[in-house]
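Accompanying notes for the structure given below.
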Amino acid sequence: MTAAHGGVPTQGCPGGHPAAGATRAETEEERPLEELSLDEAIHRVEEAEHEGRPPAAGPLSNVLAAAAVVALGVAALVGSARLGLGTVRSPDSGTWPLLVSAALVVLGLGLLAAGRRTTDAERFSRASWLVLGGLATMVVFVAVIGTIGFEIPAALLAFVWLRFLGREGWRTSVLASLGVVVGFYLVFVAALSVPIPHLF
65 MTAAHGGVPT QGCPGGHPAA GATRAETEEE RPLEELSLDE AIHRVEEAEH
115 EGRPPAAGPL SNVLAAAAVV ALGVAALVGS ARLGLGTVRS PDSGTWPLLV
165 SAALVVLGLG LLAAGRRTTD AERFSRASWL VLGGLATMVV FVAVIGTIGF
215 EIPAALLAFV WLRFLGREGW RTSVLASLGV VVGFYLVFVA ALSVPIPHLF
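Each residue of the sequence shown is one higher than the last, beginning at 65 in our numbering.
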């Protein structure tokens, strides 16, 4: 039976309701977001977020990635100890890297424990090379900071991350990179007198 509603013929019950054969998913897709229940709205948003994403990584990939984080943290701990740790009242060059490395190890162990239950990690793809590129720049940063100070390596690192990994504009990348270096210098060198290798 065909009923007219607002001058437009519609199939189904009087009043323009969907036909009996229409599925719930089809009607939800046509309804505005504000008319859906909370669960239905969350479901639609999650579906939209997953469109176009790379395939999910498996448990083995998650465990290997977590193990790599732990290994990196342990290597950083060793490097921090070689720089010298100092004391609580008189920290040395390796104090801050030690704290960051310890946090990295803890986070890696947490990822390792949850690796088999994690389902939101993405399989390695072309976009993953950006992560490896960021890691490579960090390795270079650590390798040269003790020789030429932190100012130039930190500025270049921030610029590469902003411009090429974050795809920010040239002007934003340059200004933000310089601002990061100035901020770090004022806080850690001028205010806290942390013995970080520096030029000035």
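Backbone N, C-alpha and C fix where the C-beta goes; we use that ideal spot for every residue, glycine too.
Presumed contact (8 Å Cβ cut-off) between residue i and residue j, rounded CB distance
i: L136; j: L168; result: 6 Å
i: D156; j: L147; result: 7 Å
i: L128; j: A166; result: Not a contact, Cβ separation roughly 22 Å.
is_contact[residue i, chain B] using C-beta, thresh 8 Å
i: A139; result: In the displayed structure, chain B is absent; only one protein chain is listed.
Sheet register partners of residue i (DSSP bridge)
i: P12; result: This structure cannot settle anything about residue 12, because the visible part of the chain is limited to 65 through 264.
Pairwise C-alpha distance: residue j and residue i
i: T236; j: F214; result: 21 Å
i: G85; j: P123; result: Interpretation of G85 is limited by its pLDDT of 46, a score under 50 that renders its predicted location unreliable; no figure is taken from the coordinates.
i: G233; j: F223; result: 10 Å
i: Y249; j: A240; result: 14 Å
i: E92; j: V133; result: Its pLDDT being 48, under 50, E92 is placed unreliably in this model, and the coordinates cannot settle the point.
i: W225; j: G198; result: 7 Å
i: L263; j: A131; result: 36 Å
i: M202; j: S257; result: 23 Å
i: V245; j: F228; result: 18 Å
i: R180; j: N126; result: 7 Å
i: L242; j: E104; result: 46 Å
i: L173; j: A139; result: 15 Å
i: W160; j: V253; result: 13 Å
i: R153; j: P261; result: 19 Å
i: V204; j: L221; result: 9 Å
i: V238; j: L175; result: 34 Å
i: L149; j: I209; result: 17 Å
i: P259; j: A200; result: 25 Å
i: G230; j: T151; result: 38 Å
Exposure of residue i, with buried meaning 16 or more beta-carbon neighbours within 10 Å
i: A178; result: exposed
i: A255; result: exposed
i: W193; result: exposed
i: T211; result: exposed
i: G158; result: buried
i: V251; result: exposed
i: L196; result: exposed
i: I216; result: exposed
i: A207; result: exposed
i: S144; result: buried
i: A219; result: buried
i: V72; result: The pLDDT assigned to V72 is 48, lower than 50, so where the model puts this residue is not dependable; a value taken from the coordinates is nonetheless given after this. Exposed: under 16 other Cβ atoms inside 10 Å.
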